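Notes for the one structure printed next.
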């Protein structure tokens, strides 16, 4: 396939720069503990210094893959797909989510919200980053707000972000993995004082699974 053809299919959402796809247990947030098939799409310019998948940042490292191939693999494993990255909303996700729904697969996304929404979602986990804030349009659509807590200033950031989401949005504070020993006790204390928040942990890392 020529580069021109690949570019056209990427623009239409019929191909995506797939980094990896795998069946595992959701380790974070509201759906922790549930089986799901993860689709990790390459490409991200949000630039979190603590990102644990920096290899996802350069989309050129990840080959354009036909969405039909991605969906055919997904439907072998689970009735829920989590689209993540990188920053998946850098790409047109309409075609992917439409075809997942045609196969009776629920669609979840994990996003910083820094790009315009595409796709049709059953669950949107919004995880804002200070380096590139979400677009205004996504806040009221988010089902879940997940703030990564790296230091004390992130509590203030979390409260500012919480003012922008809907009243039905689930609120989570999650310790950044390398700071978990320091920040987890502070998060516990904070949630006990502010019980509108819940704690999210990266349980997949404790379980030693993807």
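Numbering (my numbering), first residue to last: 196 to 405. Heads up, the beta-carbon is just placed ideally off N, CA and C, and yes, glycines get one too. Just so it is clear, the structure is predicted and the values come from calculations on it, not from any experiment.
Residue 297 sits in a helix when the DSSP states are folded into three classes. The region 314-329 makes no contact with the region 263-272: fewer than 3 CB pairs, one atom from each, lie closer than 8 Å.
Straight through space, the alpha carbons of residue 282 and residue 337 are spaced by roughly 16 Å.
Straight across, the Cα-Cα distance linking residue 312 with residue 284 is about 6 Å. Comparing alpha-carbon positions, the option among 286, 335 and 349 lying closest to residue 358 turns out to be 335. Counting only runs that start and end inside the region 348-377, the beta strand (DSSP E) elements of at least 3 residues fall at 365-370.
Non-local C-beta neighbours of residue 215 in its own chain, meaning closer than 7 Å and more than five positions away in sequence, comprise 235, ordered along the chain.
Residue 204: not part of any beta strand (DSSP E); member of the alpha helix (DSSP H) spanning 198-207, first to last residue.
The C-beta of residue 373 has fewer than 16 other C-beta atoms within 10 Å across all chains shown, which makes the residue exposed.
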